Ligand code: NI
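Numbering (the working numbering), first residue to last: 10 to 216.
Structure representation (structure tokens):
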């Protein structure tokens with residue numbers, strides 16, 4: 010049985026990640042590109058990060074931003090077929106939550122797909138369970154995902170491979186992790202490459 014190579018990588022281990030490192034800067038937009046995006050806390054004259062969204066979780070339940078009020082959200086946009094940075098970042102988020110232990114009970118890790126065509130709730134369910142039992146996976150219609158990504162100022166676009174068939178493509182996307190407060194407002198962002206200890210330490214400053 011032949012699986013698309015992207016899928017193998019998405020579920021693969023360290024070896025697959027090592028192979029995929031060469032692809033990293035091509036499909037995950039790093040600090041250079043990201044520097045075009047202004048990331049400032051809400052208020053002053055800076056743009057607001059975050060806001061309302063209506064999406065569907067891995068159990069098929071409709072979820073809005075308001076459902077997370079009273080808890081911190083650790084939010085990451087990506088896609089399950091991502092060969093490299095998404096699995097690494099989700100592992101970092103999961104490890105950070107575990108490092109926070111009981112202190113992290115008020116922090117909900119959230120993965121929002123930028124690839125709703127392939128990332129159905131059923132598919133997300135398998136994927137998020139693989140990383141952390143409390144990781145919430147969110148998908149939705151093309152429009153609702155686009156609206157959520159726009160609210161968080163996450164750029165993404167399909168990146169079809171030369172000669173690949175229609176369902177075999179990568180996604181270019183910004184790879185930030187955001188910490189949102191219990192009031193739903195932006196607190197902090199983390200660039201990819203941060204380790205779980207450093208992430209946990211910074212999250213703790215806001216709890
Ligand atoms: Ni990715």
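All C-beta atoms in this analysis are idealised placements derived from N, C-alpha and C, irrespective of residue type, glycine included. Treat the numbers as computed from the prediction; the structure is a model and nothing was measured.
Does the beta carbon of residue 146 fall short of 7 angstroms from some heavy atom of the ligand NI?
Look at residue 146: its beta carbon is at least 7 angstroms from all of the heavy atoms in the ligand NI.
Roughly how many angstroms separate the alpha carbons of residue 146 and residue 210, rounded to a whole number?
Using only the alpha carbons, I get a separation of about 24 angstroms.
For residue 182, report the span of its beta strand (DSSP E) as first-last.
Counting along the chain, residue 182 sits inside the beta strand (DSSP E) bounded by residues 178–183.
Since residue 154 contacts residue 102 with CB under 8 angstroms, what's their CB separation in whole angstroms?
Between residue 154 and residue 102 a beta carbon distance of about 19 angstroms is seen, past the 8 angstroms cut, so the two are scored as non-contacting.
Please name the residue or residues paired with residue 85 in a DSSP beta bridge.
In the DSSP output, where bridge partners are listed per residue, residue 85 has 120, 186.
Out of 183, 88, 100, 156, which one is the CA nearest neighbour of residue 200?
Per the Cα distances, 183.
Quick check for students: name the residue ranges of the beta strand (DSSP E) that lie wholly in the segment 61–107, counting only runs of 3 or more.
Given a length threshold of 3 residues, each whole run of the beta strand (DSSP E) inside the segment 61–107 is given here in chain order: 63–66, 71–73, 81–87.
Check whether the Cβ of residue 74 lies closer than 7 angstroms to any heavy atom of the ligand NI, and answer yes or no.
False, no ligand heavy atom lies under 7 angstroms from that Cβ.
Cutoff 7 angstroms; reference residue 109; Cβ partners in own chain excluding five residues on either side
Excluding its 5 nearest sequence neighbours in each direction, residue 109 has C-beta neighbours in its own chain below 7 angstroms: 116, 209, 212, 213, listed in chain order.
Run the proximity test for residue 85: is its beta-carbon closer than 7 angstroms to any non-hydrogen atom belonging to the ligand NI?
Exclusion of residue 85 from the 7 angstroms shell around the ligand NI follows from its C-beta lying no nearer than that to any non-hydrogen atom of the ligand.
I need the boundaries of the beta strand (DSSP E) containing residue 198, first residue and last residue.
Residue 198: member of the beta strand (DSSP E) spanning 195–199, first to last residue.
Whose C-alpha, out of 82, 135, 90, is nearest the C-alpha of residue 194?
Closest option to residue 194, Cα to Cα, is 82.
Is any non-hydrogen atom of the ligand NI found closer than 7 angstroms to the C-beta of residue 132, if you look at the structure I gave you?
No.
Quick check on DSSP: helix, strand or coil for residue 23?
Bear in mind that the predicted position of residue 23 carries a pLDDT of just 38, short of 50, making it too unreliable to give a figure here.
By the three-class DSSP mapping on this structure, what secondary structure does residue 111 have?
Residue 111 falls in the helix class under three-state DSSP.
Alpha-carbon spacing of residue 45 relative to residue 205, whole angstroms:
The pLDDT assigned to residue 45 is 40, lower than 50, so where the model puts this residue is not dependable; a value taken from the coordinates is nonetheless given after this. Using only the alpha carbons, I get a separation of about 26 angstroms.
Between residue 96 and residue 63, what straight-line distance do the alpha-carbon atoms span, to the nearest angstrom?
Between residue 96 and residue 63, the C-alpha separation is close to 24 angstroms.
Taking only the alpha-carbon atoms, compute the straight-line gap between residue 112 and residue 69 and give it to the nearest angstrom.
In a straight line, the C-alpha of residue 112 is about 29 angstroms away from that of residue 69.
Opposite residue 150 in the DSSP bridges: which residues?
When beta bridges are read from the DSSP output, residue 150 appears opposite no residue.
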